[in-house]
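Notes follow the structure.
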Amino acid sequence: MKLAGRISGPLILSFPLIILLVSSGCFGVFGTYIEQGGITEHVETLDGTYLLEGTTKDYGYLLFTPDGRWQFIDEGDIVYVGQYIVINDRAYITTGNQALDVDSAEEYFILKEGGDALVDSDGFEWRKDEVSSHVPETTAPYQTPVEIGTPVATSSPVDNATTRNLPRTPDPILEYPKELKSVVFTLIAEPNIPAEKLNIGVKIDSRRSGDEQMERDQKDVPLQRIRITFFAYNIQDTEEEFMPRTFAEIYYSDIPYVTKHHTINPDVIESKGVDLPIDSARGFLNVRKPYNYGAIIEIVENKPE
82 MKLAGRISGP LILSFPLIIL LVSSGCFGVF GTYIEQGGIT EHVETLDGTY
132 LLEGTTKDYG YLLFTPDGRW QFIDEGDIVY VGQYIVINDR AYITTGNQAL
182 DVDSAEEYFI LKEGGDALVD SDGFEWRKDE VSSHVPETTA PYQTPVEIGT
232 PVATSSPVDN ATTRNLPRTP DPILEYPKEL KSVVFTLIAE PNIPAEKLNI
282 GVKIDSRRSG DEQMERDQKD VPLQRIRITF FAYNIQDTEE EFMPRTFAEI
332 YYSDIPYVTK HHTINPDVIE SKGVDLPIDS ARGFLNVRKP YNYGAIIEIV
382 ENKPE
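Count the sequence shown with my numbering and you get residues 82 to 386, in order.
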């Protein structure tokens with residue numbers, strides 16, 4: 082099975098289990114213990130980003146988190162998710178919500194160099210990415226009045242007993258840098274209670290920025306490449322006054338999130354959205370209980386026309 086659309090050759094796996102690359106996070110190997118048939122075995126958990134030897138993150142990457150989950154991320158989108166467990170220097174993999182049965186798992190990685198490298202079943206090596214395995218310090222994004230579109234659902238119907246002692250549901254969060262203040266971002270959310278998910282979207286209206294660009298030479302106007310981090314959380318599961326404003330706060334809070342990349346083209350209206358917690362590789366969200374949600378927008382690069 083091909084791991085990512087743009088990767089070929091060594092990423093064709095001989096088993097139906099897909100190997101995931103891990104995004105930002107400090108890499109390390111941490112010891113724990115589990116019971117297997119009455120025998121206590123030493124187990125290690127992974128936390129970091131891995132790249133196929135000789136490639137860059139542009140070709141996709143694996144992300145392992147200490148909670149036993151992995152992701153494969155391609156062009157900023159989470160393509161595959163699953164679970165893993167490490168026993169005796171082997172990381173056994175399953176995909177989706179499939180139960181992890183070490184005895185029947187047919188796909189695994191062999192840990193090398195204390196976890197700095199992984200070797201798949203075809204003999205290809207994945208190496209830890211030193212740069213992206215650490216979340217960089219970032220300045221707080223420019224905070225502007227949030228324009229909230231309709232429909233906006235900051236909470237869903239619950240009984241009085243559940244909400245009696247809960248604080249007022251906070252306003253949805255939308256953050257973006259001051260360099261994008263000429264673009265109108267509208268945050269929209271719609272719960273789907275039967276499906277137990279929340280659809281979160283951002284409408285991107287660049288028509289005002291398009292008017293400004295017409296006054297300049299179009300060849301000198303870069304297209305803005307942005308990263309949108311969508312997130313949601315149940316209020317009762319977080320600390321009081323929890324209001325994340327940066328990607329790092331979201332990453333370390335263990336709430337469900339998904340990142341998407343998008344190029345802002347001039348003079349158009351576009352949308353980007355996700356379903357949480359379904360599209361996230363971690364965390365839980367109960368749309369029947371009070372929740373909050375938001376999006377953090379960051380500029381990742383400028384692309385000339």
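All C-beta atoms in this analysis are idealised placements derived from N, C-alpha and C, irrespective of residue type, glycine included. None of the values given here were measured: they were computed from a predicted structure.
Per DSSP, the bridge partner or partners of residue i
| i | result |
| --- | --- |
| Ser352 | Lys284 |
| Phe145 | Trp151 |
| Asp139 | Answer is none; Asp139 lacks a bridge partner. |
| Phe323 | Answer is none; Phe323 lacks a bridge partner. |
| Val162 | Gln152 |
Boundaries of the beta strand (DSSP E) in which residue i is found, first to last residue
| i | result |
| --- | --- |
| Tyr189 | 189-193 |
| Ala172 | 171-176 |
| Glu256 | 254-256 |
| Val200 | 198-200 |
DSSP three-state assignment for residue i, whether helix, strand or coil
| i | result |
| --- | --- |
| Asp155 | strand |
| Glu271 | strand |
| Ile316 | helix |
| Glu206 | strand |
| Leu366 | coil |
| Asp360 | coil |
| Lys341 | strand |
| Lys262 | coil |
| Arg306 | strand |
| Gly109 | Its pLDDT being 35, under 50, Gly109 is placed unreliably in this model, and the value from its coordinates should be taken loosely. Reduced to three states, the DSSP call for Gly109 is strand. |
| Gly375 | strand |
Residue i burial status per 10 Å Cβ neighbour count (16 or more: buried)
| i | result |
| --- | --- |
| Pro253 | buried |
| Tyr333 | exposed |
| Ile350 | exposed |
| Val283 | buried |
| Glu256 | buried |
| Thr340 | buried |
| Glu194 | exposed |
| Thr137 | exposed |
| Glu125 | buried |
| Gly375 | buried |
| Gly204 | exposed |
| Ile166 | buried |
| Asn315 | buried |
| Asp148 | exposed |
| Val239 | Note that Val239 has pLDDT 42, beneath the 50 cutoff, so the model's placement of it is unreliable and the number below is only indicative. Counting Cβ neighbours within 10 Å, Val239 comes out exposed, since fewer than 16 surround it. |
| Ser287 | buried |
| Asp139 | exposed |
| Ala270 | buried |
Alpha-carbon to alpha-carbon, residue j and residue i
| i | j | result |
| --- | --- | --- |
| Gly230 | Lys209 | Annotation note: pLDDT 44 at Gly230 (below 50); position unreliable, no value reported. |
| Tyr189 | Ser202 | 7 Å |
| Ala85 | Gly135 | Its pLDDT being 38, under 50, Ala85 is placed unreliably by the model, and the measurement read from it follows with that caveat. Taking the straight line joining both Cα atoms gives about 15 Å. |
| Asp335 | Arg326 | 15 Å |
| Leu133 | Tyr142 | 7 Å |
| Val368 | Tyr173 | 32 Å |
| Gly196 | Leu144 | 13 Å |
| Ile281 | Ile345 | 19 Å |
| Pro347 | Pro258 | 17 Å |
| Val381 | Ile307 | 5 Å |
| Glu322 | Asn373 | 12 Å |
| Leu192 | Tyr131 | 12 Å |
| Ala198 | Tyr161 | 21 Å |
| Gln152 | Asp360 | 11 Å |
| Ser263 | Val355 | 24 Å |
| Ile274 | Phe312 | 17 Å |
| Gln305 | Leu261 | 9 Å |
| Arg363 | Lys278 | 14 Å |
| Thr176 | Gln164 | 6 Å |
| Glu211 | Phe328 | 19 Å |
| Leu127 | Glu206 | 16 Å |
| Pro251 | Pro371 | 10 Å |
| Thr319 | Pro337 | 12 Å |
| Arg171 | Phe365 | 28 Å |
Bounding residues of the alpha helix (DSSP H) (the contiguous stretch that carries residue i)
| i | result |
| --- | --- |
| Ile331 | 328-334 |
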